[in-house]
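Peer 1: Numbering (the working numbering), first residue to last: 43 to 224.
The beta carbon of each residue, even a glycine, is placed where N, CA and C say it ideally should be.
All values reported here derive from a predicted model rather than from experimental measurement.
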Ligand code: HQG
């Protein structure tokens, strides 16, 4: 299978499953699941060629495991990253002592003032290691890595969730828990 097709399909799935299902007249349930048959039908109706085999390849080979099927593969959802409201039903868990966030210089003053905010997503996204945070920050320019004192946050009552694909999620990170080293 052509890499370009797989990448393009992954981008398309991110768009419809995280941000804008209505663009292809797709309905997600409250937990973010789309019916696989409906997704295939609506994608093709909107000129995006998709069949079950391609969907399966994208789910299985995706570099960040962004999408997941339910058990019998009749439903599919994005594991995190939504801007639309969905209830992922993740259990709150104890985080690693330190988590990382990759951002860029233009955001730093505002983060110092307001902490890390969800902006357009459902959660603030944090990474388990610096390497991953560097990749996240690099999407926007020269990355700056912030270190989050997740242990103290947890001890002081903040909730953390671990998405099915290993991204740490929380509602906000007040500035006092962030180390601005760079
Ligand atoms: C910044 C990708 C100003 C924040 C990645 C970031 C991730 C603030 C941007 C996932 C701020 C939001 C999410 C504040 C936060 N003032 N700027 N108070 N608080 N920001 O894309 O974390 O490839 O919504 O630093 O790998 O960059 O899509 O969040 O630069 O896991 O699967 O506002 O998206 O995953 O940007 O990335 P985003 P993010 P996928």
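Around the Cβ of residue 181, are there at least 16 other Cβ atoms within 10 angstroms (buried) or fewer (exposed)?
Peer 2: exposed
Peer 1: Put residue 116 into one of helix, strand or coil per three-state DSSP.
Peer 2: coil
Peer 1: Looking at the unbroken alpha helix (DSSP H) that takes in residue 92, where does it start and where does it end?
Peer 2: Careful: residue 92 lies outside any alpha helix (DSSP H) and carries neither H nor E.
Peer 1: Check whether the stretch 111 to 119 and the stretch 74 to 81 touch, using three or more Cβ-Cβ pairs below 8 angstroms as the test.
Peer 2: yes
Peer 1: When DSSP labels each residue in this structure, what does residue 79 get in the three-state scheme?
Peer 2: Residue state, collapsed to three classes: helix.
Peer 1: Any heavy atom of the ligand HQG inside 6 angstroms of the beta-carbon of residue 161?
Peer 2: yes
Peer 1: Kindly examine the ligand HQG and report whether one of its heavy atoms sits closer than 6 angstroms to the Cβ of residue 108.
Peer 2: yes
Peer 1: Between residue 166 and the rest of its own chain, which residues show a CB-CB distance below 8 angstroms, the 5 nearest in sequence each way excluded?
Peer 2: Excluding the 5 residues flanking it on each side, residue 166 has same chain C-beta neighbours closer than 8 angstroms at 143, 158, 159, 160, 211, 212, 213, 214 and 215, in chain order.
Peer 1: Is residue 103 near the ligand HQG, judged by its Cβ being under 6 angstroms from some heavy atom?
Peer 2: no
Peer 1: Might you give, ordered along the chain, the residues of its own chain that have their beta carbon closer than 6 angstroms to the beta carbon of residue 152, omitting 5 neighbours on each side?
Peer 2: none
Peer 1: Compare the C-alpha of residue 145 against each of 154, 139 and 58 and name the closest.
Peer 2: 154
Peer 1: With the cut-off set at 7 angstroms, would you say residue 134 and residue 201 are in Cβ contact?
Peer 2: yes
Peer 1: Count the other CB atoms, across all protein chains shown, that sit within 10 Å of the CB of residue 222; report buried if there are 16 or more and exposed otherwise.
Peer 2: When all chains shown are included, residue 222 counts as exposed.
Peer 1: With H, G and I counted as helix, E and B as strand and the rest as coil, what does DSSP make of residue 96?
Peer 2: DSSP places residue 96 in the helix class (H, G or I) of the three-state scheme.
Peer 1: Grouping DSSP H, G and I as helix and E and B as strand, with all else coil, what is residue 143?
Peer 2: Looking at residue 143 - three-state DSSP - the assignment turns out to be strand.
Peer 1: Is any non-hydrogen atom of the ligand HQG found closer than 6 angstroms to the C-beta of residue 183, if you look at the structure I gave you?
Peer 2: no
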